[in-house]
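Okay, so here's the structure we're looking at.
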Amino acid sequence: KNQVEQSPQSLIILEGKNCTLQCNYTVSPFSNLRWYKQDTGRGPVSLTIMTFSENTKSNGRYTATLDADTKQSSLHITASQLSDSASYICVVSATGGFKTIFGAGTRLFVKA
Amino acid sequence: EAQVTQNPRYLITVTGKKLTVTCSQNMNHEYMSWYRQDPGLGLRQIYYSMNVEVTDKGDVPEGYKVSRKEKRNFPLILESPSPNQTSLYFCASSLTPVVTGTEAFFGQGTRLTVV
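These protein sequence lines map, in sequence, to chains S and A. The first sequence: position 72 = 72 (our numbering), numbered continuously. Here our numbering runs 1000 ahead of the position in the second sequence, where the first position is 1.
Written as structure tokens, this is what we have:
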């Protein structure tokens, strides 16, 4: 069964600290993996996208990694800011059947 | 500015009263889709459209209808809403299906409450 599991469900960190969010998937055959940021009351906005051959991709203070062998991805946020408070959603697409599976997200709270 | 516009943003309605949520995109995208987002669950696809007059069911299509008469518009229709359709709805568009790696743009969301 195609699944995307994210951990932790929620996370509280202090402003300026780093954090890492995890995504494990069983989606197959793998096409690509994206990380989205969703601010409260807004639609998701794409942060990074990685295909099978890519194992790291950065977007400013956001760095995503992908291990296609273990089917794991992580999103590392460096020097967090209050504006990083949001939900972060991992999305994995499969080439077979044009399937795209969304994770439930990790809710990040950055405190001053 | 490239955007996906949904209306209304908030809607409270009663069981059985037909409603339509509109979605419009200005990027000339061929692929559009509707999702619902419920607490503790990932976004789930309701319907999608590959092009004008081409629509297909997603993972949770029951109780919903869509139409794609023009490329820019993709309305979501609830013929007889029920309380279990209370949810946050998102419309999204992309140049090609998301599975191909193209970026998807999401609307601001419509929070629907059915009482």
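All residues carry an ideal CB built from backbone N, CA and C; glycine is no exception. Source: prediction; values computed, not measured.
Whole angstroms are fine: how far does the CA of A:Asp1038 sit from the CA of A:Leu1095? Taking the straight line joining both Cα atoms gives about 26 Å.
Please list, in chain order, the residues of the stretch 56–81 of chain S that have any C-beta partner in chain A closer than 8 Å. Per Cβ criterion, the list is empty.
Any C-beta of chain S under 7 Å from that of A:Glu1001: No, its Cβ sits nowhere closer than 7 Å to a Cβ of chain S.
Along chain S, in chain order, which residues have C-beta atoms closer than 8 Å to that of A:Glu1103? Neighbours of A:Glu1103 on chain S, chain order: Ser46, Ile49.
Here's the rule I'm using: 16 or more other beta-carbon atoms within 10 Å means buried, otherwise exposed. How should A:Phe1196 be labelled? Given that chain A is displayed from residue 1001 to residue 1115, the structure contains no residue 1196 of chain A and the question cannot be resolved.
CA-CA distance, A:Met1032 and A:Asp1059? Cα to Cα, the separation comes out at about 15 Å.
Would DSSP call S:Val27 helix, strand or coil? DSSP, read as helix, strand or coil, puts S:Val27 in coil.
What residues match up with A:Asn1007 in a beta bridge as DSSP calls it? According to DSSP, which records beta bridges pairwise, A:Asn1007 is partnered with A:Thr1022.
Separation of A:Tyr1047 from A:Val1066, as counted between CA atoms: Put simply, the backbone Cα of A:Val1066 is about 7 Å away from that of A:Tyr1047.
Cβ-based neighbour list, A:Ala1104, same chain, cut-off 6 Å, excluding 5 preceding and 5 following: These residues qualify, in order along the chain: Ala1092, Ser1094, Val1098.
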